[in-house]
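First the structure, in the form of structure tokens, and then the observations on it.
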Amino acid sequence: MAKDGTARGGQRFGQGRPSKAIKEKIDAGNPGGRKLQIMDLPEPPDMEGREAPDPRDYMLEKQQSGIDLCAADVFKETWEWLASLGCEKLVSRQLIDQYAMSVARWIQCEHAISRYSMLSKHPTSGKPIASPFVTMSQNYMKQTNQLWYQIYQVVKENCLTDYNGADVQDDVMERLLRARKGL
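For the sequence shown, position 80 matches number 560 in my numbering, and the numbering has no gaps at all.
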């Protein structure tokens, strides 16, 4: 409550202590006493793929640069990873969409940096300045990580077992390198 009597402020998203994983709560004897929603993950060999929903139209639109936007691929990979863990219903589709677009835009910025260099010319003085693509790339990477932490937090909070397998985030750099080679 502010001094003027208005209710504003409060906890900001991503601030404060992160939630404990359900496994940690059970190991500690459920100190909060609330009923825990327990989901058992299937063993990795028993996992079966489920059909991912079709990506939204804006993820498939032709890009002006001529480079294919990989957002649809990232969306499908993320959805299939969540489905293999049984968590696809716990993460909102909008969050997965935002994550996929953020990864795709980051990759576009990295392509632009590779093509046009990390330096550019100032429009009036003509002196070298940092390329705006570098800043955009950093912003998209920060956004991508924030969105990934939200997705992963849902998985972490709803698993009874420790998950040590590969996740979709591990493949982002590989995707960038493959896209650069044209594979």
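Glycine residues also receive a C-beta, built at the ideal position from the N, C-alpha and C atoms.
Fair warning: this is a prediction, and the values are worked out from it, not measured in the lab.
- Fewer than three Cβ pairs drawn from the region 591-598 and the region 568-575 lie within less than 8 Å of each other, which leaves the two stretches out of contact.
- About 14 Å separates the beta carbon of Tyr579 from that of Leu549, a gap too long to meet the 8 Å contact definition.
- When DSSP states are grouped into helix, strand and coil, Leu599 belongs to the strand group.
- DSSP lists Lys601 as the bridge partner or partners of Pro608.
- If the five residues before and after Met621 are omitted, its C-beta is found closer than 6 Å to the C-beta atoms of Trp586, all from its own chain and listed in chain order.
- Buried is the label assigned to Asn638, since at least 16 other Cβ atoms lie within 10 Å of its Cβ.
- Where Ala551 is concerned, the enclosing alpha helix (DSSP H) starts and stops at 551-565.
- If you draw a straight line from the Cα of Cys589 to the Cα of Asn510, it comes to about 45 Å.
- Here Val583 is not near Thr615, since their CB atoms are 8 Å or more apart.
- In the structure shown, Ile547 falls within a coil segment according to DSSP collapsed to helix, strand and coil.
- Annotated three-state conformation of Asp534 is coil, per DSSP.
- The alpha-carbon of Met581 is positioned some 15 Å away from that of Gln630.
- For the pair Ala552 and Pro533, the CB atoms are not nearer than the 8 Å cut-off.
- Ranking His591, Gly606, Gln618, Ser611 by CA distance to the CA of Arg658 puts His591 first.
- In this structure, the beta-carbon distance from Gln633 to Pro498 falls below 8 Å.
- Residue environment analysis places Thr604 among the exposed positions, since fewer than 16 neighbouring C-beta atoms fall within 10 angstroms of its C-beta.
- Straight-line spacing of the CA atoms in Lys503 and Lys607 works out to 56 Å.
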